[in-house]
Amino acid sequence: MKVSLILACAGSGARAGFNHNKLWEQIDGKSVIDHTISAFRKSNLIDEIIITASEVDFEKMSALYSKDCVIAKGGDTRTQSVKNALDKVTGEIVLIHDGARPFVTQKMISNCIETAKATGSAIPIIPTPNTMVRLSDEDCEYLGKGGIYSIQTPQGFLTKHITNAYARACDKSFNDDGEVYKEFIGKLSFYDGDAKNVKLTYANDFVCQQQIRFGVGFDCHRLVENRKLILGGVTIPHDKGLLGHSDADVLTHAVMDAMLSALSLRDIGYHFSDKDPQYKDADSMKLLDRVIKMLDDKGYKVDSISACIMAEKPKLLTHIPTITSSLATALNLPLDKVGITATTLEGLGFVGREEGICVHANAVVVKHT
Ligand code: CTP
Ligand code: MG
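Counting in numbering that gives the first Met the number 0, the sequence shown runs from 0 upward without gaps.
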């Protein structure tokens, strides 16, 4: 049996509050609509895809997808959009799915098709974890948890039945396709939905799909006499200090590189050249402020930092809390999101010979808008 897919994409995403259709929002470098289409293409069970597009998005969606998808005009309501798309369906089975559910699983797609083939309809449901209540002006009615489910998509149907149902729906708006089927055709069949298959609705739903990035940084400076030893913005008493064009705060340098690397923003050598006189003796904590701003410009902030300082001397044990607090303040992080460790190298190599100090740092950065 030929299987068609309608992707409902003709909304405006008003509740998400972006100034464009929420389906254009990027998750991991790909738009929501691209993720959704990819999931169905990957399944190999879908023979044709029909995308509903609003007037605003029609041109862009046609340019991007008309090569192997049919683009149908959206309507004022989702019901109307789906109705328009049904006119273009040529398969005997049709799946109808929200473009705003990019995390649909392969298991759901195959279950949906099998259930629709066997019974005529397929509605995915998940048990609600919350106690539900219906409020009215006068009263509140406890619905409890037992027997209460949330409905998802894709919903699958025998095309001739759902087309017939929609034809009879006239201009009325329905909650979903299953409701149209139930009203005009008959009893619905259900299959297991998946909690991962969320419908991205509010701006926060997009943040929760947190675009987490991970970065690594490394730095090393020579230990010499007549220089200060500065680590994470804290001056550590010692008979030697670190040599460098800037203040040579090796810890802050490695942390900055980790932050930049998380977003592929090059490194501190690229941004703050050691040939540039303006960075002579520069305060690395001020440079850190600029790196924070670079991340912010990309819509990201640091979530946590972890760094290991390799130094034979001085013993850093008692200084770790001050260094941690200094970096946490600069990064606007709670203390437990900045993890600093220190180790000697057991006398081995240039660190062991007290010729230099090295730092390896990791940064986790997350999207904040
Ligand atoms: N949709 C559609 N045609 C409409 C309205 C919605 O095809 N007239 C689509 C949306 O693009 C979305 C899916 O139906 O993928 C589910 O709708 P919803 O989550 O409500 O999206 P929007 O209507 O875009 O969002 P909002 O209600 O916040 O404006
Ligand atoms: Mg809507």
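For each residue, glycine too, the CB sits at the ideal point set by N, CA and C.
Query: Beta-carbon proximity list for V290, same chain, < 7 Å, skipping 5 on both sides; Result: M255, M258 and L259
Query: Rounded Cβ spacing between L222 and E345 (contact assumed at less than 8 Å); Result: Contact doesn't hold; Cβ gap of about 17 Å is too wide.
Query: Alpha-carbon to alpha-carbon, V132 and C139; Result: 6 Å
Query: Limits of the unbroken beta strand (DSSP E) element including L134; Result: M131 to L134
Query: DSSP-derived helix/strand/coil call for Y64; Result: helix
Query: A52, enclosing beta strand (DSSP E) - first and last residue; Result: E47 to A52
Query: Residue interval of the alpha helix (DSSP H) (run including H252); Result: V249 to A261
Query: Helix, strand or coil at T340 [DSSP, three-state]; Result: strand
Query: Touch test, the segment 88 to 101 against the segment 154 to 161, Cβ-Cβ under 8 Å, three pairs minimum; Result: yes
Query: Heavy atom of ligand 1 within 7 Å of A341 beta-carbon; Result: no
Query: Identity of the residues DSSP links to D275 by a beta bridge; Result: Beta-bridge pairing links D275 to no other residue.
Query: Selected residue, minimal CA-CA separation from T328, among Q277, K285, G351 and T51; Result: K285
Query: Backbone CA spacing between H19 and G12 [nearest angstrom]; Result: 7 Å
Query: R133 beta carbon near ligand 2 (any heavy atom closer than 7 Å); Result: no
Query: Option nearest V358 by Cα separation, candidates A341, E137 and F349; Result: A341
Query: Stretch pair the segment 143 to 154 + the segment 94 to 103: three plus CB contacts closer than 8 Å; Result: yes
Query: Under the three-state DSSP convention, the category T234 falls into; Result: strand
Query: Outcome for M0 when other beta-carbon atoms lying within 10 angstroms are tallied against a minimum of 16; Result: exposed
Query: Residues bridged to G320 [DSSP beta-bridge criterion]; Result: Strictly speaking, residue 320 in this sequence is Pro, with Gly absent from that position. Beta-bridge pairing links P320 to no other residue.
Query: Cβ contact (3+ pairs, closer than 8 Å) linking the segment 159 to 178 and the segment 60 to 79; Result: yes
Query: Short Cβ contact (8 Å threshold) for I125 with V249; Result: no
Query: T200 versus T118: straight-line alpha-carbon distance, rounded; Result: 31 Å
Query: Integer-rounded CB distance, given that Y64 should sit under 8 Å from I50; Result: 6 Å
Query: Cα-Cα separation, T114 to I48; Result: 19 Å
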